[in-house]
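The opening residue of the sequence shown carries number -15 in this note's numbering; numbering runs sequentially from there. Using N, Cα and C, we set each Cβ at its ideal position, and we do this for glycine too. Predicted model, so just to flag it, every value in this text is computed and none were measured. Data block below; observations after.
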Amino acid sequence: MIKNINKSININIVGTCNIVKICSKLKIKLIFFSTNYVYPSKSGIYNENDSVLPRNTYAWSKLGAESAVQMYKNSLILRICMTEKPFVHKKAFANMKTNFMFQENLAKNLYKLLNLKGIINVGGEIQSVYNFAKKYNSKVKKIFASKSQQKQFPLNSTMNISKFNKVVKKK
């Protein structure tokens, strides 16, 4: 999680605000990469128009940035749930559901999203982090998020990605 709040504010919020102002001035399309962590993470399968309520400081900083981006109509916010390939962690939460996809999968489909505006949830199949990791690393160990970890890491940040899938499959 974020250890330096000032740095996070300067990069994610102030930096994004400055980019929004420049894009607006130059009339340039802005595509912002946000996170599924902006959702409340209670019931899961969140739609793009569902309420947001971040659980940790990283997610709050992304939501702060999203606020500026949403003011600029020539923009697209991608609420992404992705991880690096290969799955680099030795342990994975079995009690945490998510929509992980690998970065390369987003890269392969990003061009299909370029002409869109608004907010789109981007991710993969709904599953536990452990089940996702196990497919790519048979040695990954199963762990469970403790009560204290659950305050920082959402147990169910799953998103409805039907809008994303419709666009990706169409082209």
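Test item: CB-CB of residue i and residue j under 8 Å
i, j, result
"Val53", "Pro38", "no"
"Ser18", "Asn140", "no"
"Glu88", "Lys69", "yes"
"Phe84", "Tyr114", "no"
"Ser59", "Ile(-7)", "no"
"Asn86", "Met66", "Position check: residue 86 holds Phe in this sequence, whereas Asn was assumed. Their beta carbons are under 8 Å apart, which means Phe86 touches Met66 by this criterion."
When the options are compared against residue i, the one with the closest alpha-carbon
i, options, result
"Asn79", "Gln134, Gly108, Leu90", "Gln134"
"Lys75", "Leu47, Lys81, Asn83, Ala117", "Ala117"
"Gly102", "Ile61, Ser130, Asn31, Lys92", "Ile61"
"Val152", "Gly(-1), Asn93, Ile3, Cys1", "Asn93"
"Ala43", "Tyr30, Asn33, Asn(-4)", "Asn(-4)"
Supposed close pair residue i, residue j - CB separation, criterion 8 Å
i, j, result
"Leu90", "Val106", "6 Å"
C-beta neighbour in chain C for residue i, strict 8 Å
i, result
"Lys13", "In the structure shown, chain C cannot be found, because there is only a single protein chain."
Through-space distance from residue j to residue i, alpha-carbon basis
i, j, result
"Asn40", "Ile6", "29 Å"
"Lys96", "Ile64", "15 Å"
"Ile3", "Leu47", "15 Å"
Discussion item. Taking 8 Å as the cut-off, does the region 103 to 121 touch the region 143 to 150 (at least 3 CB pairs, one atom from each stretch)?
Written reply: Taking one beta carbon from each stretch, the region 143 to 150 and the region 103 to 121 have 3 or more pairs nearer than 8 Å; the two touch.
Discussion item. Three or more C-beta pairs under 8 Å: does that hold for the region 121 to 131 against the region 1 to 10?
Written reply: No, they do not touch.
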